[in-house]
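The first sequence begins at 82 in our numbering and counts up by one. Each residue gets a CB set at the ideal place from its N, CA and C atoms; glycine is no exception.
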Amino acid sequence: MTLKIYNVLTRTKEEFKPLQPGKANIYVCGPTVYDYSHIGHAKTYVGFDVVVRYLRYLGYDVLYVQNITDVGHMLDTGEDRILKKARQLSAGPMQIVETYMREYFADMDALGVQRPDISPRASGHVPEQIEMVQTLIAKGNAYESEGSVYFDVTSFPEYGKLSGRVLEEQEEGSREAVRSEKRHPADFALWKKADPEHILRWPSPWSDGFPGWHVECSAMANKYLGTTFDIHGGGIDNIFPHNECEIAQSEAAHGETFARYWMLTGSLTLDGVKMSKSLGNTLTIKDALARWRPEAIRTFILSSHYGSPIDFSDEAIEAAYKGWQRMWGAVTLARQQLRTAVPGAANPDVIALLDKAKAQFIEKMNDDFNAPAALGVLQELTRQVNILLNEQGPHTNGTLTAVDNLYRELGGGVLGIIPDEADGGSSGSAEREDGLVQILIKLRAQARANRDWATSDAIRNQLKDLGVVLEDRADGTIWKTE
RNA sequence: GGCGACGUGGCCAAGUGGUAAGGCAGGGGUCUGCAAAACCCUCAUCACCGGUUCGAAUCCGGUCGUCGCCUCCA
């Protein structure tokens, strides 16, 4: 069974054959750090997080590069968005960049997104970008005009092959058309001469200025992954012009294929409407995390295919959360039973059940990282496990460990929705938390033995208010977090 | 207007030729001091029309509708 990837470049599902056997080099377009990250970023980067996790699970030696854009993004007004933010906050541009980059990583950490191996910043790679622009000029793919440099799209016949655009169709009505510096309306900037008030600037052979947005990805991907690499990812909204320009620059400069597989994620809408800064209907990751635990957000995101659009709503994430709770409840129960389980080998029937689920999970994930279907496999397994834990047993520690391990492996390691520990940062505090709850459970058991329902319910209700849920079972009371 | 994608039960969502995974919600049960959890039963013929085929949600054509991109955007 082999991994298949839907390649946007060919619009077909292809078997994944890396350039070098066993290695997977992947580049994903990262965020522009000038504000807090929103839930749309979460969809994209959780999506690729699972892609990378799964590739590693399959044994690939993955090199994951995701850039940080901290220069060169223009607003309609021609103003750099980072500079605009800096002016608003009376701060320096690099302070803004540093602040929001840290916030971005903090948000991703909170969501359980594993960090890229390399997070190169555009501002730190200006020489590489200048070098690439020089190459493109030397090869006749770019030209200087009044201190700026533009890519000549007519010099690259394949321009449009990713997005399906045809050059001629772009001319009409383009705002860019008014820029007389350019020979063709679709030509895009590789280097821009800076206006006097533009303080993010670097010296170059053409002017004091700054690199165009698209060239950073080409230059940095080339530096860290080479002229040709395996997978290029990003949000579908950047397919044109950004991704298209990346291809044009890189392939014109190097004369070789840029990325072999293109994986683009569907966009996220909020209550049916596209989130946009201008509309103001954004939901930041921080705000979302204040309302739902990270596993719920991840489960929601993974409940639709990475390439599909998804609509975020309270109802939708609530449904995902409740589904996750059932799975988490089963894992929690298995771990609780494991504490007092008798030593012994695993039940062969259970092992067979787990093996089957694992095989199905892998089959789904091999089919273009079909996380929603893989999630469905775990949901079905969970019903079987619940029957096992609730209606059969007691089980040996071998059986329970096997159950726990599968959830750790697939639900935790690959999907990132099953925590290793109950909760609370370090294992030390987790143990302390459990100890405290166990004391209360014993006190409540006393009250229940005395038929003192007022006390027993008070303990249960107050713990519930703290997010600790007690469940009375035939074999004792267990607890878990909401 | 151009390019691209999509339309599956009340909601979300898998499924690309052989008689519709899964989650949530709803109804009915079992269990329980109560509760919670869990489990069992129940709940769709796949926007519409036409075509190809022994057979289509799945392929082709058309209609209607939704969305993304075309300008910064993950």
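On the premise that residue j lies in contact with residue i, defined as a C-beta separation below 8 Å, what is that separation, rounded to the nearest angstrom?
i    : j    : result
P453 : L192 : Actually they do not touch by this definition, with Cβ atoms about 18 Å apart.
T346 : K124 : 6 Å
I499 : W409 : 7 Å
D449 : K94  : 6 Å
V178 : D151 : 4 Å
D537 : R525 : It should be pointed out that residue 537 corresponds to Ser in this sequence rather than to Asp. Contact flag correct, Cβ pair sits at about 5 Å.
F419 : D368 : For the record, residue 419 in the displayed sequence is Leu; it is not Phe. Going by Cβ atoms, the distance from L419 to D368 rounds to 37 Å, so no, they are not a contact pair.
K274 : E209 : At roughly 20 Å, the Cβ-Cβ gap does not stay under 8 Å, so K274 and E209 are not in contact.
A426 : T477 : 6 Å
Relative to the C-alpha of residue i, which candidate in the options has its C-alpha closest?
i    : options                : result
A302 : D485, E563, V146, K523 : V146
H119 : L164, S299, L364, W409 : L364
F339 : F97, L434, P197, I107  : I107
Y126 : M344, Q330, R162, V230 : M344
D161 : V114, L551, K98        : V114
H335 : G457, I468, A219, N88  : A219
E278 : W287, I559, Y342, P174 : P174
W373 : T562, T350, E502       : T562
L487 : L435, G474, I317       : L435
L469 : I432, G494, D198       : I432
T421 : Y342, R196, G205, P475 : P475
A105 : D142, S288, Y231       : D142
Q460 : Q473, T477, M446, F442 : F442
L462 : S385, M189, G492, L547 : G492
G103 : L139, V152, N88        : L139
Q176 : V133, H265, S204, G315 : S204
G111 : N148, F97, D352, D130  : N148
Y387 : R416, N451, R168       : N451
A397 : Q406, S389, S384, R407 : S384
Q330 : R407, G314, S288, F237 : F237
D59  : E212, T216, K263       : Residue 59 lies beyond the stretch modelled for the chain, which goes from 82 to 563, so this question has no answer here.
A300 : C326, V132, G316, D546 : C326
T350 : V133, S389, M213       : S389
G290 : T91, V230, Y135, Q527  : V230
Tell me the residue span of the beta strand (DSSP E) that contains residue i.
i    : result
T346 : 340 to 346
D449 : Careful: D449 lies outside any beta strand (DSSP E) and carries neither H nor E.
T558 : 557 to 562
T308 : No beta strand (DSSP E) holds T308; DSSP gives it neither H nor E.
E225 : 223 to 226
R196 : Neither: R196 is in no beta strand (DSSP E) and is coded neither H nor E.
D571 : Given a span of 82 to 563 for the chain in the structure shown, any question on residue 571 remains unanswerable.
W272 : 269 to 274
I280 : Unbroken run through I280: none, as it is neither H nor E.
L144 : 142 to 147
K85  : 85 to 88
E552 : 549 to 554
Y231 : 229 to 232
F291 : 290 to 292
T350 : 349 to 351
N106 : 104 to 109
So residue i is in the alpha helix (DSSP H); what residue range does that whole segment cover?
i    : result
Q215 : 207 to 219
Q543 : 534 to 546
T93  : From DSSP, T93 is part of no alpha helix (DSSP H) but of the beta strand (DSSP E) over 93 to 96.
L383 : 375 to 383
R168 : 162 to 170
L419 : 395 to 420
R372 : 366 to 372
S331 : 325 to 335
I want to check one thing, is the minimum distance from the CB of residue i to the heavy atoms of the ligand FAD below 7 Å?
i    : result
H295 : This structure does not include the ligand FAD; it has no bound ligands of any sort.
Evaluate the contact criterion for the stretch 290 to 297 versus the stretch 266 to 281: three or more CB pairs, one atom per stretch, below 8 Å.
Judged by Cβ distances under 8 Å, the stretch 290 to 297 makes contact with the stretch 266 to 281, as three or more pairs qualify.
I want to know whether the stretch 528 to 545 touches the stretch 392 to 408 - three or more CB-CB distances under 8 Å.
Flag = no, the stretch 528 to 545 and the stretch 392 to 408 do not touch.
Taking contact to mean 3 or more Cβ pairs, one atom from each stretch, closer than 8 Å, check whether the stretch 312 to 330 and the stretch 233 to 250 are in contact.
Output reads yes: the stretch 233 to 250 touches the stretch 312 to 330.
Contained alpha helix (DSSP H) runs [length at least 4] in the stretch 460 to 532, N- to C-terminal order
Qualifying alpha helix (DSSP H) stretches, in chain order: 478 to 487, 508 to 530.
Counting pairs of Cβ atoms below 8 Å between the stretch 397 to 410 and the stretch 375 to 389, do you hit three or more?
Judged by Cβ distances under 8 Å, the stretch 397 to 410 makes contact with the stretch 375 to 389, as three or more pairs qualify.
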